[in-house]
Structure formats: C-alpha cells, structure tokens
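In what follows, a single structure is set out as structure tokens and then discussed.
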Ligand code: C2E
Ligand code: MG
Ligand code: MG
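Numbering (this note's numbering), first residue to last: 533 to 1130.
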C-alpha cells in the first residue's frame, strides 16, 4: 500500500504519484485480465452446460450459479443458500453418499471432490448431477473455501441405466437374465452362509417348447414364453427370485429353503401354472415343465456348480417322463459328467472315422428272399469301445449332432444300396432311421433329394423309419415334409410300432407305407396271450389301410412261423441275420439269397 506523507518534498510527491498511477494501471490490467479469464471460464461452463458453486465450509454459505437451477425449475440462474438447505434438494438415497464424499475431501483424503447424485426438481421429479470441486486450505491444511462445477448428467445416467438393464435383464420377458441370476444366487448363498440357512436352486425347462417354436414360428414361441414367464413370476412372487437363463430355461432361487415340503409346494405350483394352456390367436397351446433341484449347502456351496447340478437333475426329470421334479443326487452328477465327456468324444466321431454302418436283412415272408436291409449306425470309440446306439443316438439327438450323422448315414446307405442293386441286378430296398432334428427347416427333404440324385438310387428303394413318438409330438412339422417325401416316391415306415402312444389315428393322417411291429411283441409271442392277439390285430388293421407290416426282432422259427401265419409281409431279426458290416452283408447276399422258411 502507498502512503502519502506531508514530510515529502514536491519532487518526492511527483515520484509517488507516478508510482501510484503505474500501480493503478497495473491493477486495471490485472482486473481486465481477470474479467477476461472469468468470462472465458463462464463461457466454457456454459458450453459444457455446467455451473459454478462456491462454498464456505465454516459459515456453510453456498453460492450456486448454474443453468441447472433453471432445469430444476427455480426460475433463476444464481442462488445464495446454505449447504444444509441444499441437502433438502438432494435425493434421500444419495444424501449419505454425498456427505461422505464431501467429508472425505474436506479431511484431505481425496485429491478432488467428485460426486454423482440426484437433485429434486420443483416439478417433483429428479435429475442426476455431477459435481466436481476442490477445497482451498490454509497453512494448517484446514479447508476454508471450496469451489467447483456442477452439471446435469441425467441423459448419460439414463443411457447408462438402460445399458445396465440390457446387460442384466432379458429383453423378451423382462425377467433377470443369467448374469443377474448368478449375482443374485451368489448373494443368496452369502446370506445363507452368514445366517446358516439353506437355498434351493430350481432349474425349470419347458417340455416340448421347441416344437412350438419350430413348427409355429418364433412369434408364437415368443408369445408363449412371455405368458409362461408372467405365470412363473406371479407364482414365485416374493418367495424367491425367478430369472430366464435363455431359450425355454428358467432359474428359481428359493432362500430359506430348509423344508422340503415347502420346496415341493413351489414345484407343484410351478408345474401347475406351466401346464395350463396358453391361448394365442384363438388356439390353445400346451407345454409342461421339468424341474431339477439342487440345494445349498447339501449339494454344493458354489453357485455355478449348484446351477449345473440343478440342470443335471432336470435332465433326470426329462428322462423319467417330464412334467415333474427331481432332486440332485451324486449319482445324477456322475451320470451328467459321463454324458458330457461322451458327447465331447461323439463330436469328433465322424471326422475321426469312428462311425460305420451295419446292415440287417429284411426278408420277404412268402418268398424267403432278402428284399433289402436296415442301415444301423455304429460308433467304435477308442475310449469306450463299441457304444450302443441306444446310448449315443439320444445324445446325438440332444446335441443336434444327429443332423450331421443322419446326412452321413443317408449318403452311405444309399450308395451301398445302389451298389447292391447293380451287383445283384435286383431291386434292393434300404431302410434308414431318421430323427426329429433332421426335419427342421426342410433339411431332410433337401438332403434326400440331393442323395438320390448323387447316388442315382430310385426313390422307391429308400424307406425312412420314424418313431411313433416323432409323429405324435410333431404332427404339424413333419406332416408336410412327409407328404413331400412321399410325392417324390420315398417310402415311410413307423418303427417300433406299439411301444409309443399306439394312437392309430395318425396312420390315416400320415402317408405311411409300412409298420414295423416292435420286437417286444414278437419276443412275447409264446409268453403272453396278449401279444399274439395284438400282433394279428395290428396286421389286420394295417392291411385294411393298405399298409405293409414288418415283424422286428424275430429270433426263433416259431416266431417267424406265427408272423407268416398272421399274414405279416416281412421279417427282420437275429433268426435271419444280425446287423453286419457291408462286406459281411455282401457275402450274405451272394451265398444266402433266400431262407428256407417253414
Ligand atoms: P431300430 O431302428 O428299432 O433298430 C432295430 C434294433 O433292433 C437294432 O438295434 C437291431 O440290432 C436290433 N435287433 C434286430 N434284430 C434283433 C433281434 O432279433 N433281437 C434283438 N434283441 N435285437 C434285434 P441297434 O442297432 O442297437 O439300434 C438301436 C436303435 O438305434 C435303432 O432301433 C434305432 O432306433 C436307433 N438307430 C440306429 N441307427 C440309427 C441311425 O442311423 N439314425 C437314427 N436316428 N437312429 C438310429
Ligand atoms: Mg429302425
Ligand atoms: Mg425298430
């Protein structure tokens, strides 16, 4: 500060005056530059849609200058208030966080103040803000002023929460998805661990849902899933968590599940709601559910393992006839691991040339001639040896591998049949087993067309064997394909007849050429009185519909004789020949053209 003194001489006064003017100019320059900086800062704030705040931690006085205030609906863009007052505008759930972060910065524990919180608007809603700040401290490090910026980040927050929702919830049903389900399961287990309670994990899989999806289209499939999800959600309510794991698989977490009766009551309710029909466009659709149950702490304390165990138990339910529930046991676990290992070996079976075909002769009962053969798939695995088709075919069907295998069987069998026709100069009939997944998206029809073209085999020499179950379960999906195959001249036969639903109505509806009476009836011919009666009834009925009959699994002369007496058209079984490799069947064809039937 300049001080004027009366003792100064005139020249000294002049000097002082000069110095004073220089100081004033200097101050004016500083002020101008400050104004410029402030203006620049204000512009930058405006550009960034942010505001300024200035707070005195001692008096609690708070100054806010921000477009935010207009957004809040205060109708002004500056506000002089106190931090206590400001807290009234902060969302109740964010107050604690806001104060904690602020206090940490004031104590010097953080370099900057940085906090995202919600602020109430005059209209009654909330907006999200981001506040940055820095405390100015005295020599002792005590904060005496805090200055910072504040801006509206509602849009970003909404976008983030949308992303978060997408990452955690299923888009179709709105239920928690697998990611969130696993998080919830982990926290349920954590809670159960500290409170020494149990948790039940229920793996729920819809039965026959794929049929709806594949045959009626994804729109109807989606509609069905939404409806079932709603029912499951309603059914579980507050008792637990329900999530969609994907496809037609759901997960239910039941905390405090120490009583089996309570778990089973939930299962019964779930089964009940899933089996009620779903009406879509005036049509009723039916599904049921298979449930697998795994328990914490009995079965595992690891969330992923519990889910896997519940999944394995669910497969057990499917195997036991579906529409039910089953608890996990160590045996089920072992079986699941075995199945999984086998499936991984099976995946390489084709490329590692472990698959082959055997041929079992089909004999004309009247002439005793071999009219053809059934092609039967074999898997020789280095790890397991010769695996029975009853073991690996269901595995191939479940994993979808059957489509690739089925193509290979069709190619090989038709090539072989064409070869035998050429070699013997006689018609040779080849029967090939087909499974449901091969029918999807018109695959089988396309493949059959291509194979017949490539091998030049006459379509009438090919017979496709389907199981009764396939027809019953998938009437609409296969019906069209079967009609197309028939119009090409390919024959259709029903395998293992009598073991499935034995609903004969479909014989009229589907273009069937042949019925193969299951070997369980044939083997019982001389044991139970019902079997002979049933066999003759089947033959009579089939003939009345213009359908041929093959007796399967003929092992004795008396069985063969009985079938012939009843008018059965063809026979197949160990009595004539076991399934043979192509070379062995070649010999059989040459040396034993016909059996002496008596
Ligand atoms: P399937 O189509 O009913 O085939 C007849 C089964 O009965 C064959 O069993 C055959 O070896 C057996 N068999 C034939 N005659 C007799 C007999 O006199 N006594 C006894 N005890 N059994 C006899 P395999 O080869 O084990 O095949 C089992 C099933 O696996 C087949 O039953 C068929 O459903 C399925 N399968 C086999 N190959 C294929 C294939 O290429 N594709 C599909 N999708 N399934 C196949
Ligand atoms: Mg068969
Ligand atoms: Mg059969």
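Every residue gets a Cβ at the ideal spot worked out from N, C-alpha and C, and that includes glycine.
Because the structure is a prediction, the values reported are computed rather than measured.
Among residues of its own chain, excluding the 5 on either side of residue i, which ones have a beta-carbon nearer than 7 Å to its beta-carbon?
i, result
"residue 536", "Low confidence applies to residue 536: its pLDDT is 48, below 50, so where it sits in the model is not reliable enough to give any reading."
"residue 844", "824, 860, 864, 865, 868"
"residue 641", "none"
"residue 945", "889, 907, 962, 964"
"residue 927", "871, 874, 875, 878"
"residue 638", "589, 667, 675"
"residue 989", "946, 949, 950"
"residue 1021", "991, 992"
"residue 841", "826, 831, 832, 860, 865"
"residue 1043", "1014, 1015, 1018, 1024"
"residue 673", "640"
"residue 1039", "1077, 1079"
With a threshold of 6 Å on Cβ separation, who are the neighbours of residue i within its own chain once the five nearest residues in sequence on each side are excluded?
i, result
"residue 1087", "1105, 1106, 1107"
"residue 647", "630, 633, 663"
"residue 984", "991"
"residue 720", "731, 785, 787"
"residue 912", "886, 918"
"residue 781", "737"
"residue 1138", "As displayed, the chain neither begins before 533 nor continues past 1130, which places residue 1138 out of reach and without an answer."
"residue 610", "597"
"residue 763", "805"
"residue 695", "none"
Restricting to Cα atoms, I'd like to know which of the options is closest to residue i.
i, options, result
"residue 976", "993, 948, 1017", "1017"
"residue 813", "906, 1103, 751", "751"
"residue 1187", "665, 1050, 656", "A query on residue 1187 cannot be resolved here, the shown segment of the chain reaching from 533 to 1130 and no further."
"residue 854", "736, 609, 1078", "736"
"residue 1001", "967, 765, 1014", "967"
"residue 593", "916, 618, 607, 601", "618"
"residue 1113", "1082, 893, 932", "893"
"residue 918", "929, 766, 887", "887"
"residue 758", "811, 971, 727, 912", "811"
"residue 972", "722, 746, 725", "746"
"residue 1093", "897, 583, 689, 1117", "897"
"residue 718", "1064, 738, 838", "838"
"residue 955", "1122, 672, 612, 1095", "1122"
"residue 783", "793, 797, 738, 749", "738"
"residue 748", "779, 815, 1091", "815"
Going along the chain, which residues of its own chain have a beta-carbon closer than 8 Å to the beta-carbon of residue i, five neighbours each way excluded?
i, result
"residue 603", "653, 659, 684"
"residue 622", "630, 649, 650, 651, 652"
"residue 744", "752, 753, 756, 817, 819"
"residue 836", "714"
"residue 556", "none"
So with Cβ pairs under 9 Å, would you call residue i a contact of chain D?
i, result
"residue 977", "Considering every chain present, this structure includes no chain D. It has just one protein chain."
Check each residue's C-beta against every heavy atom of ligand 3 and list, in chain order, those closer than 6 Å. Taken from the N-terminal end onward, the list reads 1027, 1028, 1048, 1084.
Inter-stretch contact at 8 Å, needing at least 3 Cβ pairs: the stretch 555-573 / the stretch 588-601: In this structure the stretch 555-573 does not touch the stretch 588-601; the number of beta carbon pairs closer than 8 Å is below three.
Say whether the stretch 769-779 touches the stretch 987-995, bearing in mind that this needs 3 or more beta-carbon pairs closer than 8 Å, one atom from each stretch. No, the stretch 769-779 does not touch the stretch 987-995.
Please give me, in chain order, every unbroken run of the alpha helix (DSSP H) with length at least 4 that falls completely inside the stretch 796-873. Fully enclosed alpha helix (DSSP H) runs of no fewer than 4 residues occupy 835-851 of the stretch 796-873, in order along the chain.
Inter-stretch contact at 8 Å, needing at least 3 Cβ pairs: the stretch 793-809 / the stretch 817-832: In short, these stretches touch, since the Cβ pair count reaches three.
Counting pairs of Cβ atoms below 8 Å between the stretch 1084-1099 and the stretch 1046-1066, do you hit three or more? Yes: at least three Cβ pairs fall under 8 Å.
Mind the definition here: the stretch 783-796 touches the stretch 848-855 only if three or more C-beta pairs lie below 8 Å; say whether that holds. The stretch 783-796 vs the stretch 848-855: no contact.
List, from N- to C-terminal side, the alpha helix (DSSP H) runs of 4 residues or more that fit wholly inside the stretch 660-717. Runs found: 686-700.
Three or more C-beta pairs below 8 Å linking the stretch 933-944 and the stretch 954-961: Taking a cut-off of 8 Å for Cβ pairs, the stretch 933-944 and the stretch 954-961 do not touch, as fewer than three such pairs fall below it.
Three Cβ pairs or more, each shorter than 8 Å: is that satisfied between the stretch 726-745 and the stretch 827-834? Touching, yes.
What are the start and end residues of each continuous beta strand (DSSP E) run of 3 or more residues lying completely inside the stretch 737-791, in chain order? The beta strand (DSSP E) runs of length 3 or more contained entirely in the stretch 737-791 are, from start to end of the chain, 773-778, 781-787.
Are there three or more Cβ pairs, one per stretch, closer than 8 Å when the stretch 1094-1102 is compared with the stretch 1070-1078? A contact exists between the stretch 1094-1102 and the stretch 1070-1078.
Counting only runs that start and end within the stretch 1031-1075, where is the alpha helix (DSSP H) found for 4 or more residues in a row? Runs found: 1037-1041, 1051-1055.
Which complete beta strand (DSSP E) runs does the stretch 998-1030 hold, if anything under 3 residues is left out? With a minimum length of 3 residues, the continuous beta strand (DSSP E) runs that stay inside the stretch 998-1030 are 1023-1029.
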